[in-house]
Amino acid sequence: WSWGLRVRGAGAWGLKASLAWTDPAASLAAEVVLVNDLDLALVAPDGRHWPGNNWTGLSAGREYAMWDRLNNHEQVWLEAPAAGEYRVLVRGHHVPAGPQCFALVVAGDFEPHAEAPAAW
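Plus 19 on top of the position in the sequence shown (first one is 1) and you've got my numbering.
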C-alpha cells in the first residue's frame, strides 16, 4: 500500500507518519510475540528511505534499512523535511494470520498527491 503527498515545508511539527495494528495473539511458547509484521517507510523526493522506528539515522536505501521486527506500532518523523513529493509505504513483511488491517496517521504541512516518486 502506498500513498503520495506533496510536502510544502517543515512546518511547526515537521512530517510524521505513524502506523499501528492489532496483532493476533502469539503462542505462549513463541520467542517473538509479534505475529503479523508490517513495515512502514517514508520515501523522500531524493529517493532516501526512512523505515519505521529506525532511530539510528538515515537510510541510504532499502538494502541498508533496519526494520522493526518486534513492535505493532511504527513511526517515522522528519523534523525538518524538504519541500517536495514523498511517498508513505506500508507493506506486510510477514502476515501469517491475515488479512491485516492497520491505522495510519500522517501529520505535517502537506497535501495529498496521487503521483509521487519511488516504488516499494
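Positions of the beta carbon are idealized from the N, C-alpha and C atoms, including for glycine.
- Residue environment: Val26 is assigned as buried (16 or more neighbouring CB atoms within 10 Å of its CB, all protein chains considered).
- The alpha-carbon of Asp65 is positioned some 27 angstroms away from that of Ala122.
- With the rule of 3 Cβ pairs closer than 8 angstroms, the segment 53-68 counts as touching the segment 107-114.
- Non-local C-beta neighbours of Ala45 in its own chain, meaning closer than 6 angstroms and more than five positions away in sequence, comprise Val52 and Val54, ordered along the chain.
- Between Gly103 and Trp32, the C-beta gap is not smaller than 8 angstroms, which leaves the two residues out of contact.
- If you look at Gln119, you'll find it isn't in any beta strand (DSSP E); DSSP assigns it neither H nor E.
- The beta strand (DSSP E) runs of length 3 or more contained entirely in the segment 24-107 are, from start to end of the chain, 34-39, 56-62, 68-70 and 92-97.
- In the three-state scheme derived from DSSP, where H, G and I count as helix and E and B as strand, His112 is classed as strand.
- Judged by beta-carbon spacing, Phe129 lies within the 8 angstroms limit of Leu34, meaning their Cβ atoms are closer than that value.
- Under the three-state reduction of DSSP output, Trp22 falls in the strand class.
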